[in-house]
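Novice: Each residue of the sequence shown is one higher than the one before, starting from 630 at the first, in this note's numbering.
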Amino acid sequence: MITYTLKCEHGHTFDSWFQSAKAFDKLHAADMVTCAVCGALGVEKAVMAPRVRPARDAALRPATPEPAKTAGPLSAPASPAEQALAELRKMVEKNSENVGENFVKEARRIHEGDAPERSIYGKANPDEARALIEEGIPVAPLPWGNRKTN
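#1: Grab the span of the beta strand (DSSP E) containing residue 728 for me, first residue to last.
#2: Using a Cβ-Cβ cut-off of 7 Å (strictly less than) and excluding sequence neighbours within five positions of residue 655, which residues of its own chain qualify?
#3: Check whether the segment 641 to 653 touches the segment 707 to 724, counting contact only when three or more Cβ pairs, one atom from each stretch, lie closer than 8 Å.
#4: Tell me which residue opens and which closes the alpha helix (DSSP H) that residue 761 is part of.
#5: Identify whether residue 766 lies in helix, strand or coil by the three-state DSSP scheme.
#6: Within the 7 Å Cβ cut-off, does residue 655 reach chain B?
#7: Using the beta-carbon count (16 or more within 10 Å), is residue 772 buried or exposed?
#8: Express the C-alpha separation of residue 676 and residue 761 in angstroms, rounding to a whole number.
#9: Taking residue 635 as the reference, give the member of 726, 649, 652, 671 with the closest Cα.
#10: For a test of the three-state rule: what should DSSP assign to residue 635, helix, strand or coil?
#11: Kindly indicate the opening and closing residues of the beta strand (DSSP E) around residue 644.
#12: Can you look up residue 672 in the DSSP assignment and give me helix, strand or coil?
#13: Report the residue from 665, 764, 768, 652 whose alpha carbon sits nearest the alpha carbon of residue 709.
#14: Would you mind stating whether residue 724 and residue 750 have Cβ atoms separated by less than 7 Å?
#15: According to DSSP, what are the bridge partners of residue 751?
Here it is as structure tokens:
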């Protein structure tokens, strides 16, 4: 996984995770990367500081003091962009049905009239999403990852 800081043509900045640099390039070339704040397509990578992992032999070095811990995943969003993304996610989850791995199949069934028309969300890889678009089935990527539950 790789995290990029992105900036849209309207000046909004936000972070987004991608499977790899190549995956970002594919999604960007297919106009599937949109601004998490305003939905604009004009998104580019912003300047960002690299994250450096400690060397593998770090366990052999003397311990250094731990940095101050930041709030965990249950904390409030840290920026207006994160707040907007959190609100969008709540709205989608409240008003849509999560069909998970069946997203592609269910989107086709709805489009063909074999299932009731409704808002759905779920999983599709870039090739599957592109195929749906080519078939005239409107889909859009959601700017957040999957929530893992135990």
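Glycine is no exception: its CB is placed at the ideal position from the N, C-alpha and C atoms. Quick caveat: nothing in here was measured; it's all calculated off a predicted structure.
Specialist: In brief:
#1: Within the sequence shown, residue 728 is the residue found at index 99, counting from 1. Run containing residue 728: 726 to 729, per the beta strand (DSSP E) assignment.
#2: As a working mapping, residue 655 is identified with position 26 in the sequence shown. Within the same chain, residue 655 has close Cβ partners 755.
#3: yes
#4: Along the sequence shown, one-based indexing puts residue 761 at 132. Residue 761 -> alpha helix (DSSP H) spans 755 to 763.
#5: Along the sequence shown, one-based indexing puts residue 766 at 137. Here residue 766 sits in coil by DSSP.
#6: This model lacks chain B altogether, as it is built from one protein chain only.
#7: Numbered from 1 along the sequence shown, position 143 holds the residue referred to as residue 772. It counts as buried.
#8: Position 132 of the sequence shown holds residue 761. Position 47 of the sequence shown holds residue 676. Taking the straight line from one Cα to the other gives about 33 Å.
#9: As a working mapping, residue 635 is identified with position 6 in the sequence shown. Here the closest residue by C-alpha is 671.
#10: Indexing the sequence shown from 1 puts residue 635 at position 6. Looking at residue 635 - three-state DSSP - the assignment turns out to be strand.
#11: Residue mapping note: residue 644 aligns to position 15 of the sequence shown, counting from 1. 642 to 647 is the span of the beta strand (DSSP E), which, as asked, contains residue 644.
#12: Counting from one through the sequence shown, the residue named residue 672 turns up at place 43. Note: residue 672 maps to strand in three-state DSSP.
#13: Locating residue 709 in the sequence shown gives position 80, counting from the first residue. Considering only alpha carbons, the answer is 665.
#14: Here residue 724 corresponds to residue number 95 of the sequence shown, with the count starting at 1. Here residue 750 corresponds to residue number 121 of the sequence shown, with the count starting at 1. Contact flag unset, no.
#15: Residue mapping note: residue 751 aligns to position 122 of the sequence shown, counting from 1. Note: residue 751 sits in a beta bridge opposite 729.
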